[in-house]
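For the sequence shown, position 79 (counting from the first letter as 1) is numbered 79 according to the UniProt record's numbering, and the numbering increases by one without interruption. Note that beta-carbon positions come from the ideal geometry of N, C-alpha and C, so glycine has one too. It should be emphasised that the depicted structure is a prediction, and the values quoted were computed from it without experimental measurement.
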Amino acid sequence: MDSTSSILSCLPEEVLDDIAHNASPADQASLSRTSRLLNEVATRCLYRNITAHTPHQIVRCCETLVRNVSASAAVRALHIKCWQTSKTLPAYYMLISRALKQTRHLQTFTLSHTLDRQKSLLLLVDVFLPNLRDLTITATKTSYIAKFLHQHPKIDRLAVFGEMAHDCDLLMPALYSFTGHHSLIRVLAHSSPNFTDLHIYWYGATNEDYEYSLRPLACSPVKYVSCSEFAWSSQFFDALTRHIPHLDTIRLTWDTAPTESQLKLIDMALPALNSLYSLDIRPSRLAANVDPAIVQGFETVTAWGNACASLGRVHFHAQILPGYAQTAAHHSFARALLGRTASSCLWACSSRGNTQIQWQI
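This is the structure:
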């Protein structure tokens, strides 16, 4: 071990970083015990990206970060993915807060605990992370995270889970990517003029909510919109096309399969989307079997292609008989795809009777 350590210690630090990066965690731990230099190199790899799933893991991790300056300095991403509520002692949240204060180079932070007033005070008060850019958080009111967000104006990717009560404004001038409930868009859009990517959950939305949530985005350079738990309604598609017609990509994830008449709403919306290239329509993980059948699927996509000249990629699901993939009929449909004569390719795979079909021009 001594000779190996001596040889490794003679290598440039960039090479050692590459060796440690490609080693398993067990090998990284072994390297850390061979010399001071290799301990520093291994520590940077071991603690660069941390994920804790249980209260026990969180406590051990945070205790290490509080005690070990080298470990806390190495952290770039910290993901606390624990929804358990048994650990409610103030000392538990104060420990997480102390660990956060040590991670001065943290860039990505995920906190799955739902923050109420007490927890936000214990966890986030006086925490400043100058390099934070990507935040995923859950809270019951905007005021519980507002101060923390305002202290971190360089955050450009934000995901907020849970339906919040909005009792104050949120100022996030650098934000370009947002994931969360539709009601937060109205709160963020006026102070975040650079939105390009939106992942919107529409649960509980009314027809008026589609209008009120999307209207503030009319002047934003939004290119990508992903919508989940939305209603197949003319009001939804009308608001989408009137307020953000410059979209490049639309992804619609549904829980209940659309009917033929509901799919025709897309036909009516597409002519207004002059820049749309990619349309992705897929079921959620909990969705029932997909309908309609394969021939209807091709006919639908061909109609969409006729309606939108810029459309070049469609990801669409259809239910077919197992094994009915990659046939001559498929390829003949593919050549006529989207109502145009451009060369095209078809990819399909069958799984439990459901086929996921992607067309690309």
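Cα-Cα separation between S275 and V75, rounded to whole angstroms: Looking up residue 275 in the sequence shown gives position 275. Looking up residue 75 in the sequence shown gives position 75. Their backbone Cα atoms lie some 40 Å apart in a straight line.
Nonlocal neighbours in the same chain, by C-beta distance under 8 Å from A146, ignoring five residues either side: If you number the sequence shown from 1, residue 146 lands on position 146. Once the five neighbours on either side are set aside, the close Cβ partners of A146 are C168, D169, L170.
L338 classed as buried or exposed, judged by whether at least 16 other C-beta atoms fall within 10 angstroms: Within the sequence shown, numbered from 1, the residue matching residue 338 stands at position 338. Here the model assigns L338 a pLDDT of 46, short of 50, so the residue's position is not dependable and the matter cannot be decided.
CB of H79 within 8 Å of CB of I50, strictly: If you number the sequence shown from 1, residue 79 lands on position 79. If you number the sequence shown from 1, residue 50 lands on position 50. It is a contact, given that the beta carbons lie within the stated cut-off.
Short Cβ contact (8 Å threshold) for P258 with C308: The residue given as residue 258 occupies position 258 in the sequence shown. The residue given as residue 308 occupies position 308 in the sequence shown. The answer is no: Cβ separation not under 8 Å.
Residue span of the beta strand (DSSP E) that contains R251, given as start and end: Here the question's residue 251 lines up with position 251 in the sequence shown. First-last of the beta strand (DSSP E) with R251: 249-254.
Three-state class that DSSP yields for R157 in the structure shown: Taking the first residue of the sequence shown as 1, we reach residue 157 at position 157. The answer is strand: DSSP assigns R157 an E or B state.
Alpha-carbon spacing of I244 relative to Q118, whole angstroms: By 1-based counting over the sequence shown, the position of residue 244 is 244. By 1-based counting over the sequence shown, the position of residue 118 is 118. Distance between the alpha carbons of I244 and Q118 is about 39 Å.
Integer Cβ distance of S220 from A189, believed to fall under 8 Å: Your numbering for residue 220 matches position 220 in the sequence shown. Your numbering for residue 189 matches position 189 in the sequence shown. The pair is a contact, with the Cβ atoms about 7 Å apart (cut-off 8 Å).
Contact belief for D248 with K223 at Cβ below 8 Å, rounded distance in angstroms: For the purposes of this step, residue 248 is taken as the residue at position 248 of the sequence shown. For the purposes of this step, residue 223 is taken as the residue at position 223 of the sequence shown. D248 to K223, Cβ: 4 Å. Contact.
Coarse secondary structure for K141, derived from DSSP in three states: The residue labelled residue 141 in the question sits at position 141 within the sequence shown. It is a strand residue.
Whole-Å CB distance - W185 paired with L217, under 8 Å assumed: What you label residue 185 is simply residue 185 of the sequence shown in a count that begins at 1. What you label residue 217 is simply residue 217 of the sequence shown in a count that begins at 1. Contrary to the premise, residue 185 reads as Ile rather than Trp in this sequence. Sure, about 7 Å apart at Cβ, within 8 Å.
Residue span of the beta strand (DSSP E) that contains S112, given as start and end: Locating residue 112 in the sequence shown gives position 112, counting from the first residue. Element bounds for S112: 108-115.
R67 versus Y201 - alpha carbon distance: Counted from its first residue, the sequence shown places residue 67 at position 67. Counted from its first residue, the sequence shown places residue 201 at position 201. Distance between the alpha carbons of R67 and Y201 is about 40 Å.
Beta-carbon proximity check, Y92 vs L115, cutoff 8 Å: Taking the first residue of the sequence shown as 1, we reach residue 92 at position 92. Taking the first residue of the sequence shown as 1, we reach residue 115 at position 115. No, the pair does not count as a contact, with Cβ atoms beyond the cut-off.
Contact set for T138: own chain, Cβ-Cβ below 8 Å, skip 5 residues either direction: Taking the first residue of the sequence shown as position 1, residue 138 is located at position 138. Around T138: L111, S112, H113, T114, L115, V160, F161, G162.
Contact under 8 Å by Cβ, F148 with L175: Taking the sequence shown and counting its residues from 1, the one referred to as residue 148 is at position 148. Taking the sequence shown and counting its residues from 1, the one referred to as residue 175 is at position 175. Against a cut-off of 8 Å, the Cβ pair of L175 and F148 comes out as no contact.
Best match in S284, L263, L265 for proximity to E229 [C-alpha to C-alpha]: Here the question's residue 229 lines up with position 229 in the sequence shown. Considering only alpha carbons, the answer is S284.
R215 - DSSP class collapsed to helix/strand/coil: Stepping through the sequence shown from its first residue, residue 215 is reached at position 215. Three-state result, R215: helix.
Beta-carbon proximity check, T108 vs D134, cutoff 8 Å: Start at 1 with the first residue of the sequence shown, and residue 108 comes out as number 108. Start at 1 with the first residue of the sequence shown, and residue 134 comes out as number 134. Yes, the pair counts as a contact, with Cβ atoms nearer than the cut-off.
D126 to Q151 span [Cα, whole Å]: Looking up residue 126 in the sequence shown gives position 126. Looking up residue 151 in the sequence shown gives position 151. Near 10 Å, if we compare the C-alpha coordinates of Q151 and D126.
Nearest-angstrom Cα separation, counted from W83 out to H53: Here residue 53 is taken as the residue at index 53 of the sequence shown, counted from 1. Here residue 83 is taken as the residue at index 83 of the sequence shown, counted from 1. Approximately 8 Å between the Cα atoms of the pair.
Element boundaries [alpha helix (DSSP H), containing Y93]: Taking the first residue of the sequence shown as 1, we reach residue 93 at position 93. Taken as a continuous stretch (DSSP letters only), the alpha helix (DSSP H) holding Y93 covers 90-102.
In DSSP terms, what Y224 is bridged to: The sequence position of residue 224 within the sequence shown is 224, counting from 1. Answer is D197, T249.
Euclidean distance between Cα positions of L279 and R313: To locate residue 279, count along the sequence shown from 1; it is residue 279. To locate residue 313, count along the sequence shown from 1; it is residue 313. Taking the straight line from one Cα to the other gives about 6 Å.
Per-residue burial, A334 [other beta carbons within 10 Å of its own, 16 or more giving buried]: Looking up residue 334 in the sequence shown gives position 334. In this predicted model, A334 has a pLDDT of only 40, less than 50, meaning its place in the structure is not dependable; the value taken from the coordinates is given anyway. Burial call: buried.
According to DSSP, residues forming a beta bridge with D280: Walking along the sequence shown from the start, residue 280 turns up at place 280. Beta-bridge pairing links D280 to R251, H315.
Reduced DSSP category for G323 - H, G, I as helix; E, B as strand; rest coil: Sequence index remark: in the sequence shown, residue 323 carries index 323 (1-based). In this predicted model, G323 has a pLDDT of only 35, less than 50, meaning its place in the structure is not dependable enough to derive any value.
Inter-residue spacing [alpha-carbon to alpha-carbon] between V69 and L198: The residue you call residue 69 lines up with position 69 of the sequence shown. The residue you call residue 198 lines up with position 198 of the sequence shown. Cα to Cα, V69 sits roughly 37 Å from L198.
Pick from K81, F128, A77 that is closest to S97, judged by C-alpha positions: The count along the sequence shown starts at 1 and reaches residue 97 at position 97. Nearest of K81, F128, A77 to S97, Cα basis: F128.
Nonlocal neighbours in the same chain, by C-beta distance under 8 Å from L106, ignoring five residues either side: Position 106 of the sequence shown holds residue 106. Counting only Cβ-Cβ distances below 8 Å, and skipping sequence neighbours, we find V75, R76, A77, L78, L100, L129, N131, L132.
Under 8 Å between C-beta atoms of H166 and T142: Locating residue 166 in the sequence shown gives position 166, where the first residue counts as 1. Locating residue 142 in the sequence shown gives position 142, where the first residue counts as 1. Closer than 8 Å, so yes.
Residue(s) in a DSSP beta bridge with L135: Numbered from its first residue, the sequence shown carries residue 135 at position 135. Note: L135 sits in a beta bridge opposite F109, L158.
DSSP state of F128 mapped onto helix, strand, coil: For the purposes of this step, residue 128 is identified with residue 128 of the sequence shown, where counting begins at 1. Three-state DSSP puts F128 in coil, outside helix and strand.
Span of the alpha helix (DSSP H), counted from its first residue to its last, around I244: If you number the sequence shown from 1, residue 244 lands on position 244. Per DSSP, I244 belongs to no alpha helix (DSSP H) and is neither H nor E.
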